[in-house]
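Numbering (our numbering), first residue to last: 27 to 191.
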């Protein structure tokens, strides 16, 4: 980047304290600095597009990042429901709560690879073909991995002891 880009970034950085305060009022304290860093990363990448009125632009970028984080968190909360589709018991809310707790416990016992394939379908909403491309494997290989991960998850939920299949 040219020296002018560095100078422009310094102008943007002058707003970091007030921007961090804005972010902290809208997010969890433990992610506020991450949102700030991501905001300035966007600013650096788009340094030539930042308007002369940079302060509102920075706040808008931060607000959008916060909104994206909330949407992602909501998708993660819904994952258990999507993965366990069809597993919800018929014994009302108590059974549903117990099932969800069992699901969370079982999820933690899955391997990283099993969590990844289940997450690609449930969280990321990727098709089998898309997920296979991400993993650089064939669609049929992905389907097998997904089948095995679902089967293991169901086994862990049903047995609740975490033994492997």
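For each residue, glycine too, the CB sits at the ideal point set by N, CA and C.
Status (buried if at least 16 other CB within 10 Å, exposed otherwise) for residue i
| i | result |
| --- | --- |
| residue 84 | buried |
| residue 96 | exposed |
| residue 168 | buried |
| residue 129 | buried |
| residue 143 | buried |
| residue 145 | buried |
| residue 179 | buried |
| residue 137 | exposed |
| residue 38 | buried |
| residue 199 | Since the displayed the chain opens at 27 and closes at 191, residue 199 lies outside it and no answer follows. |
| residue 160 | exposed |
Neighbourhood of residue i by C-beta distance below 8 Å, restricted to the same chain and skipping five residues each side
| i | result |
| --- | --- |
| residue 49 | 58, 61, 62, 65, 88, 92 |
| residue 188 | Residue confidence is low: residue 188 scores 41 on pLDDT, short of 50, so the model does not pin down where it sits. Its coordinate-derived value is still stated next. Once the five neighbours on either side are set aside, the close Cβ partners of residue 188 are 131, 132, 135, 182. |
Reduced DSSP category for residue i - H, G, I as helix; E, B as strand; rest coil
| i | result |
| --- | --- |
| residue 82 | helix |
| residue 59 | helix |
| residue 65 | helix |
| residue 155 | helix |
| residue 75 | helix |
| residue 21 | Here the chain has residues from 27 to 191 only, and residue 21 is not among them. |
| residue 114 | Because residue 114 sits at a pLDDT of 48, beneath the cut-off of 50, its placement in the model cannot be relied upon, and the following sentence gives the value as read from the coordinates. Here residue 114 sits in coil by DSSP. |
Opening and closing residue of the alpha helix (DSSP H) in which residue i lies
| i | result |
| --- | --- |
| residue 183 | 165-185 |
| residue 49 | 42-50 |
| residue 140 | 138-148 |
| residue 36 | 29-39 |
Cβ-based neighbour list, residue i, same chain, cut-off 7 Å, excluding 5 preceding and 5 following
| i | result |
| --- | --- |
| residue 183 | 113, 128, 129, 132 |
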